[in-house]
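Protein sequences, first through last, are from chains E and G. For the first sequence, position 123 matches number 123 in UniProt numbering, and the numbering has no gaps at all. For the second sequence, position 38 matches number 38 in UniProt numbering, and the numbering has no gaps at all.
Protein chains: 2
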Amino acid sequence: MRESAALDEMICFQLYAASRAMTSLYRPLLDPHGLTYPQYLVLRVLWHDGPITVRDLGRTLRLDSGTLSPLLKRLEAQGHLTRARGADDERTVLVSLTETGQRLRDEIGDLTQALLCSVNLTDDELIQLRSLLVRANRPPAIPTKGDPA
Amino acid sequence: MRESAALDEMICFQLYAASRAMTSLYRPLLDPHGLTYPQYLVLRVLWHDGPITVRDLGRTLRLDSGTLSPLLKRLEAQGHLTRARGADDERTVLVSLTETGQRLRDEIGDLTQALLCSVNLTDDELIQLRSLLVRANRPPAIPTKGDPA
DNA sequence: CAGAAATCGGTTGCGCACAACTTAATCGTG
DNA sequence: CACGATTAAGTTGTGCGCAACCGATTTCTG
């Protein structure tokens, strides 16, 4: 049995508050480029992985089409990307960067420095935090036959 | 200088994803009571601290009136709380639980067990995570004269 | 091959979050 | 006391986030 009855609630609130605080750190950095944090995440995936279907984008960011469709439409309206129905599978839509979207990568540059100086954690603590969050994000491994991925 | 250029971005996404995953764990527990996670947070504050102004509620949850006003209006419409202008200061609004709102505390009961069994972390790791989040939520302590609060 | 089931992306509706603004009340200073 | 500044709460507008649903396409099965 767990010791502190309110511990999980505390963690949950801290998680909730930290997540909002984080996006509010990004805001002044992304606002000049007309981007929100979720939009920036989509662009990062495209910058890193190249063209991707809405489906895979959703798997990567853990967002569904209800969130992505309008978001992608806005990024498309801004000229950062294009959407095209898949040739082989007409159900899918392939999202690709435009020249403008590619250039944005250099224009935005590295947000690391500006962000980290606002957080009161050491390198070691950041690494700890990351690994804890990664594990917390992973569901409690249901042991299915041959599914180690 | 930091080692991994993408580390902070990783942490930020993990934070963002973990926060959403957490509220989706709460959802099936709160839905039967007609509550959302932010609404539940407001009730928790009221259960714990008693009547409170919108201002103090906002300071506690780090939410502004633009978020709280409609949220409180919905909780009021559900009969869980009442709002009344402050007697001494007509600008403030005091939020108080109704009988219904009080009873809800027992009806909902302890969400701890149902939540923790969904997370793949040990007690020690949860404590670590909490302390890291608490520190991350705290701004990098600007040393002002006599302001340790 | 035909029909059922699954998949993909989109739309709708609702509830946050938050910036920007408004109104009303209080406070501070001359 | 007067009046400008500050504060509290509310409103408006925009963009998520997600459940629920829809239409089109593909895949599975008999």
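C-beta atoms are modelled at their ideal positions from N, C-alpha and C, and glycine is treated no differently. Predicted model only: the values in this text are computed from it and were never measured.
Taking Cβ positions, are Leu7 of chain G and Arg130 of chain E nearer each other than 8 Å?
yes
Rounded to whole angstroms, what is the Cα-Cα separation between Asp106 of chain E and Gly34 of chain E?
15 Å
Whether or not the segment 16-27 of chain E and the segment 103-119 of chain E are in contact is what I'm after, with contact meaning three or more pairs of Cβ atoms, one per stretch, closer than 8 Å; do they touch?
yes
Would you be able to state if there are at least three C-beta pairs under 8 Å between the segment 46-60 of chain G and the segment 92-101 of chain G?
yes
Residue burial classification, Ser65 of chain G (beta-carbon count within 10 angstroms, cutoff 16)
exposed
Kindly indicate which residue of E:Leu126, E:Gly109, E:Val119, E:Asn137 has the alpha-carbon position closest to the one of Arg44 of chain E.
E:Gly109
Count the other CB atoms within 10 Å of the CB of Ala18 of chain G; is the residue buried (16 or more) or exposed (fewer)?
buried
Leu81 of chain E versus E:Gln39, E:Thr92, E:Leu15, E:Leu63, residue with shortest Cα-Cα distance:
E:Gln39
Does Glu125 of chain G come within less than 8 Å of chain E when only Cβ atoms are used?
yes
Along the beta strand (DSSP E) that carries Ser96 of chain E, what are the first and last residues, could you check?
93-97
Between the CA atoms of Asp31 of chain G and Gln14 of chain E - distance to the nearest angstrom:
22 Å
For Arg14 of chain E, return the contacting residues in chain G, with the cut-off set at a CB-CB distance below 7 Å.
It should be noted that the sequence gives Gln, not Arg, for residue 14 of chain E. By Cβ distance, chain G contributes Arg130, Leu133, Val134, Asn137.
Can you tell me where the beta strand (DSSP E) with Thr36 of chain E in it begins and where it stops?
Thr36 of chain E -> no beta strand (DSSP E), and no H or E assigned at all.
Members of the segment 104-118 of chain G that neighbour chain E once the beta carbon cut-off is set at 9 Å:
Asp110, Leu111, Thr112, Gln113, Leu115, Leu116, Cys117, Ser118
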